[in-house]
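Residue 1 is where the sequence shown starts when you use full-length UniProt numbering, and the numbers rise one by one after that.
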Amino acid sequence: MTLFDPGLQPERTELAWRRTALALGAGSLIALRLLPVAFGHPAWAFGGVAGLALAATLWLAARRRYRAVNSVLVRDGDRGVLPGASIIAVLAALVLAIGLVSLAVVILTALHSG
């Protein structure tokens, strides 16, 4: 007997990851446009390009994870072993790093302007 409900939960999860990737991509495009203008150094564009690459990687990883999870659930039900959650850990670490860098930029900008 399997308790797996073949509803749309795995698909909703994938769509949530897609929204996260789209938000990251949009933020990266904004950073790509505004950071070099605001700080006057083209190296700031690297953050925007890296963010776009991360968004594309996240999009593809979410799709691959959806397929893997769905195939395990269809084949083995809720008794199957799902793939690891490394994508979640990587995203959390990257969000923490981006937050710390952003905080450092704000503090350094405030110190230099004041």
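Ideal Cβ positions, reconstructed from N, Cα and C, are used throughout, including at glycine. Just so we're clear, the structure is a prediction, and the values are computed from it rather than from any experiment.
Quiz item: Are Leu82 and Val90 close, meaning C-beta to C-beta below 8 Å?
Solution: Along the sequence shown, one-based indexing puts residue 82 at 82. Along the sequence shown, one-based indexing puts residue 90 at 90. Not in contact: Leu82 and Val90 (Cβ atoms no closer than 8 Å).
Quiz prompt | Counted within 10 angstroms of its Cβ, other Cβ atoms place Pro10 as buried (16 or more) or exposed | solution = Position 10 of the sequence shown holds residue 10. Burial call: buried.
Exercise. Mind reading off the beta-carbon distance from Ala21 to Leu32? Whole number of angstroms is fine, and I expect it under 8 Å.
Key: As a working mapping, residue 21 is identified with position 21 in the sequence shown. As a working mapping, residue 32 is identified with position 32 in the sequence shown. With a Cβ gap of about 16 Å, Ala21 and Leu32 do not count as contacting.
Quiz item: Can you list, in chain order, the residues of its chain whose CB lies under 7 Å from that of Ser28, leaving out five sequence neighbours each side?
Solution: For the purposes of this step, residue 28 is identified with residue 28 of the sequence shown, where counting begins at 1. Within the same chain, Ser28 has close Cβ partners Gly48, Gly51, Leu52, Ala55.
Quiz item: Is the closest heavy atom of the ligand ATP to the C-beta of Ala68 under 7 Å?
Solution: The ligand ATP is absent from the structure shown, which contains no ligand whatsoever.
Quiz item: Using the beta-carbon count (16 or more within 10 Å), is Arg65 buried or exposed?
Solution: Your numbering for residue 65 matches position 65 in the sequence shown. Counting Cβ neighbours within 10 Å, Arg65 comes out buried, since at least 16 surround it.
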